[in-house]
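Enquirer: Can you read through this structure? Questions will come right after.
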Amino acid sequence: MVFERPGNRDIQLDIFADYKNNIALYPAIHQAFRTHRFPTLIIWGRKDASFAVAGAQAYRRDLPDAELHVIDDAGHFAMETHPAQVAAYIRAFLPKALRRRT
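Under the numbering used here, the first residue of the sequence shown carries the number -12, and numbering increases by one thereafter.
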């Protein structure tokens, strides 16, 4: 798991402690989404205790072409708990995203 790697627990705690600064950046980040319309893949864990699935909709409002996948039995660290499923979503998304960029 993510916290089992040396140093990662401290990194995650630093991010959590500084979250108010992250939130302050949201308006600028979402403005960039609306301006640039980046190809975006959103993978969300339905059991994420930190961010409800409704949070994914904030991205979809500003990135209407974003591809959203919700993994029903995943939490915040879906890449660690469901690596094959996440990798499959990424493998399917990349060719489409690259076609849209050219």
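The beta-carbon is built from N, C-alpha and C at its ideal position, and this holds for glycine as well.
According to DSSP, Val57 sits in a beta bridge with which residue or residues?
Expert: Trp31
Enquirer: Does the Cβ-Cβ distance between Arg24 and Asp52 come in under 8 angstroms?
Expert: yes
Enquirer: Out of Met66, Thr27, Asp35, Ala75, point me to the one whose CA is closest to Leu55's CA.
Expert: Thr27
Enquirer: If I'm right that Ala39 touches Gly62 with Cβ under 8 angstroms, what's the distance once you round it to whole angstroms?
Expert: Not quite, the Cβ-Cβ distance comes to about 12 angstroms (not below 8 angstroms), so this is no contact.
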